[in-house]
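Numbering (this note's numbering), first residue to last: 57 to 318.
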């Protein structure tokens, strides 16, 4: 006997409205999946940015801790003579209505460019009676040399200040930027720093000051103090205590003019 084949039941046709509703549901589901994928991508980007920011904060915090702990015995570092209360070398009239302060590091290439670009402007301010110029040097780029050159250069400049005064310090300041060594190397040796100091006007006693690193601990404290405020890099310029967004000549002139008009 042969088995009879079963016939498939005839199903009623799906109404057009139902087909349209099903298509709408599929489209809505696809749109939800696409939105979720976009949210996932945004979340991933935000996480990556957050991780990057945490890394930057960690580097800065580590730098400050290292700087603050360099004077391991807790002794108060020897402070160079002739500085303002916040550790700056000041030029100009004591009663000048405007004060421009530049925070710099002698190993900083951008600081060298800042000095070269604004040398005429800063000279005119120093020689006038309306704008005082303060240089607040720090040493946070020791890691960019193999011998802690930022600190050695800052110490050498303070040795000149102690031995021969502000004008000699300014000449040393200029020489340190003119002869700035490239990052990643050993920096200028101490005997060359001694020669530059003597050319700037310092006497024979400056050699012992430089060789002994007399102001190394002060340089660490100065750097930590500066970074505890608004400074996060160099060069940074303030006019009457207000941090400028730029260090170009036009920005400085504008800020000085506005400060003088108040």
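Just so it is clear, CB atoms sit at the ideal spot from N, CA and C, and this is done for glycine as well. All of these numbers come straight from a predicted model, not from anything done at the bench.
Residue i versus residue j - alpha carbon distance
i: residue 154; j: residue 223; result: 21 Å
i: residue 232; j: residue 240; result: 17 Å
i: residue 165; j: residue 150; result: 31 Å
i: residue 145; j: residue 286; result: 19 Å
i: residue 159; j: residue 184; result: 21 Å
i: residue 209; j: residue 254; result: 14 Å
i: residue 121; j: residue 309; result: Any answer about residue 121 is weak, because its pLDDT of 44 lies below 50 and its placement is not dependable; what the coordinates show is given next. Distance between the alpha carbons of residue 121 and residue 309 is about 36 Å.
i: residue 177; j: residue 305; result: 8 Å
i: residue 211; j: residue 261; result: 14 Å
i: residue 245; j: residue 174; result: 28 Å
i: residue 269; j: residue 289; result: 24 Å
i: residue 148; j: residue 259; result: 25 Å
i: residue 298; j: residue 139; result: 20 Å
i: residue 247; j: residue 168; result: 22 Å
i: residue 134; j: residue 263; result: 17 Å
7 Å CB neighbourhood of residue i in its chain, flanking five on each side removed
i: residue 136; result: 214, 217, 218, 271, 274
i: residue 186; result: 152, 153, 154, 316
i: residue 279; result: 123, 194, 195, 196
i: residue 225; result: 145, 213, 216, 217
Three-way DSSP call (helix, strand, coil) for residue i in this model
i: residue 234; result: helix
i: residue 157; result: strand
i: residue 137; result: coil
i: residue 222; result: helix
i: residue 287; result: coil
i: residue 170; result: helix
i: residue 207; result: helix
i: residue 192; result: strand
i: residue 282; result: helix
i: residue 310; result: helix
i: residue 187; result: strand
i: residue 264; result: helix
i: residue 298; result: strand
i: residue 176; result: helix
i: residue 198; result: helix
i: residue 111; result: With a pLDDT of 45 at residue 111, under the threshold of 50, the predicted position of this residue should be treated as unreliable, and no value is reported.
i: residue 273; result: helix
i: residue 305; result: helix
Close-in-space but distant-in-sequence residues of the same chain around residue i (CB under 6 Å, 5 per side omitted)
i: residue 311; result: 295, 300
i: residue 198; result: 204, 206, 207
i: residue 202; result: 242
i: residue 303; result: 170, 291, 293
i: residue 252; result: 231
Residue from the options whose Cα sits closest to the Cα of residue i
i: residue 235; options: 162, 142, 157; result: 162
i: residue 220; options: 243, 181, 265; result: 265
i: residue 200; options: 193, 225, 237; result: 237
i: residue 277; options: 194, 172, 190, 168; result: 194
i: residue 293; options: 280, 284, 138, 307; result: 307
i: residue 229; options: 143, 297, 191; result: 191
i: residue 284; options: 182, 132, 196, 249; result: 196
i: residue 313; options: 142, 170, 141, 181; result: 181
i: residue 142; options: 281, 289, 189; result: 281
i: residue 157; options: 138, 134, 189; result: 189
First through last residue of the beta strand (DSSP E) which encompasses residue i
i: residue 145; result: 145–147
i: residue 293; result: 292–295
Proximity test, residue i beta-carbon vs the ligand ZN heavy atom, cut-off 8 Å
i: residue 168; result: The ligand ZN is absent from the structure shown, which contains no ligand whatsoever.
Cβ of residue i within 9 Å of any chain C Cβ
i: residue 258; result: Among the chains of the structure shown, chain C does not appear; only one protein chain is present.
Continuous alpha helix (DSSP H) stretch holding residue i: start and end
i: residue 252; result: 246–256
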